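Start counting the sequence shown at 3; every next residue gets the next number (the numbering used here).
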Amino acid sequence: MDAFAALFRGKTFVVSPLSALDAATAKHLYSLQHCKILHLVRHGQGVHNMEGNNGPEALLSQEFFDAHLSPLGWQQVGNLRKRVEASGLTQKIDLVITSPLLRTLQTAVGVFGGDGESQTDGIDAHPSLTATATVNCPPIIAVELCRERLGVHPCDKRRSISEYHSLFPAIDFKLIESEDDKLWKADAREPFEEVTARGMEFMKWLWTRQEKEIAVVSHGIFLQQTLNALLNDCQTSPNQELCPRFTNCEIRSVVIVDQSIRGSCYPGTISGELRLPADVAKENIPREEVSN
Numbered sequence: 003m004d005a006f007a008a009l010f011r012g013k014t015f016v017v018s019p020l021s022a023l024d025a026a027t028a029k030h031l032y033s034l035q036h037c038k039i040l041h042l043v044r045h046g047q048g049v050h051n052m053e054g055n056n057g058p059e060a061l062l063s064q065e066f067f068d069a070h071l072s073p074l075g076w077q078q079v080g081n082l083r084k085r086v087e088a089s090g091l092t093q094k095i096d097l098v099i100t101s102p103l104l105r106t107l108q109t110a111v112g113v114f115g116g117d118g119e120s121q122t123d124g125i126d127a128h129p130s131l132t133a134t135a136t137v138n139c140p141p142i143i144a145v146e147l148c149r150e151r152l153g154v155h156p157c158d159k160r161r162s163i164s165e166y167h168s169l170f171p172a173i174d175f176k177l178i179e180s181e182d183d184k185l186w187k188a189d190a191r192e193p194f195e196e197v198t199a200r201g202m203e204f205m206k207w208l209w210t211r212q213e214k215e216i217a218v219v220s221h222g223i224f225l226q227q228t229l230n231a232l233l234n235d236c237q238t239s240p241n242q243e244l245c246p247r248f249t250n251c252e253i254r255s256v257v258i259v260d261q262s263i264r265g266s267c268y269p270g271t272i273s274g275e276l277r278l279p280a281d282v283a284k285e286n287i288p289r290e291e292v293s294n
């Protein structure tokens, strides 16, 4: 974690699960001014996940370019949406940040956007979020930094921003600088160390946002590498709770605390359990490299 501390201009951050407050931790409450609540979501099952279990070679097929959600993925999205709405989380979230790949955009809209009743579960479905549908949901913005591990696999290459605009007209793509994908390379897979560095750069940027409660819709490898880096020097129980691989459409709610306000490093907790595992319909958990 020390290697990344400079990214935060001298600040030290601790990540903790959003769990019930007890007497033992009550003395470690922090002002919201020094905390952010993050709801981390992995996208629903994509069509590439279905084939990827057969081996990494399957992910080399152009058939899976910018992979969309599978029928099971849409079912997972619908289930998570119901749980999020039942918990009242939609009304609490100030902002939704999503990776600009089709499966994450579909998941972000399906869980946190407009009218869930109007969405379909077909393999080629591209539900959009109209301007009128944003009245009762948080704003959604696309950010390149939280994309999946880059390169080689066509499923991790994005479409043009113009095409996404037509599919998701109310998602804000202004933070994406290039019309076409200039990050993905056909002949080079992004090293895990670079994914981790990108994750920490994303967290640095996230801390500059004024919003306090944020949902992040991203990918399995990206989320795992980022959490592992943040928890690298935390040997307490949250390390074990937060590090396991995300399943498709799983949400984990965590608190990030700016420890520069204290002389010691302690994982902060606040009241209210909000970890909502998705209904994965007895889905096999894919191996790390083939389940982006």
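Beta carbons are placed, not taken as given, at the ideal position from N, Cα and C, and that holds for glycine.
Bear in mind the structure is a predicted one, so any value in this text is a computation, not a measurement.
Collapsed DSSP secondary structure at residue i in the structure displayed
i	result
Ser293	Because Ser293 carries a pLDDT of 49, less than 50, the predicted location of this residue cannot be relied on, and the following value inherits that uncertainty. Three-state result, Ser293: coil.
His41	strand
Asp174	strand
Ile142	strand
Ser255	strand
Glu87	helix
Gly48	strand
Leu71	strand
Ser95	Sequence inspection shows Ile at residue 95; the Ser mentioned does not correspond to that position. In this structure, Ile95 counts as coil in the three-state DSSP scheme.
Thr100	strand
Ala60	helix
Glu215	strand
Phe194	helix
Asp158	helix
Ala188	coil
Arg105	helix
Thr249	coil
Ser180	coil
Glu1	Within the shown structure, residues of the chain are numbered from 3 to 294, placing residue 1 beyond reach of any answer.
Gly112	helix
Phe230	Phe is not the amino acid found at residue 230; the sequence shown has Asn there. Helix.
Buried versus exposed call for residue i [16 or more other C-beta atoms within 10 Å across all chains shown]
i	result
Ala188	exposed
Arg211	exposed
Leu61	buried
Gly115	buried
Ser164	exposed
Leu208	buried
Lys176	exposed
Pro140	buried
Ser168	exposed
Glu53	buried
Ser162	exposed
Residue from the options with nearest C-alpha to residue i
i	options	result
His50	Ile258, Ser63, Val86	Ser63
Gln93	Gln212, Arg83, Pro102	Arg83
Glu252	Glu53, Leu42, Glu179	Leu42
Val154	Phe66, Glu87, His45, Leu40	Phe66
Phe170	Arg105, Ile95, Arg85, Val259	Arg105
Lys159	Ala190, Val259, Glu87	Ala190
Glu179	Val257, Cys37, Val145	Val145
Leu91	Ser162, Thr109, Leu229, Ile39	Ile39
For residue i, the residue or residues it bridges with in DSSP
i	result
Leu82	None; Leu82 has no bridge partner.
Ser220	Arg44
CB-CB length for residue i against residue j, believed under 8 angstroms
i	j	result
Glu150	Ser101	7 angstroms
Glu192	Leu152	4 angstroms
Ile143	Leu185	Not really, about 18 angstroms apart at Cβ, beyond 8 angstroms.
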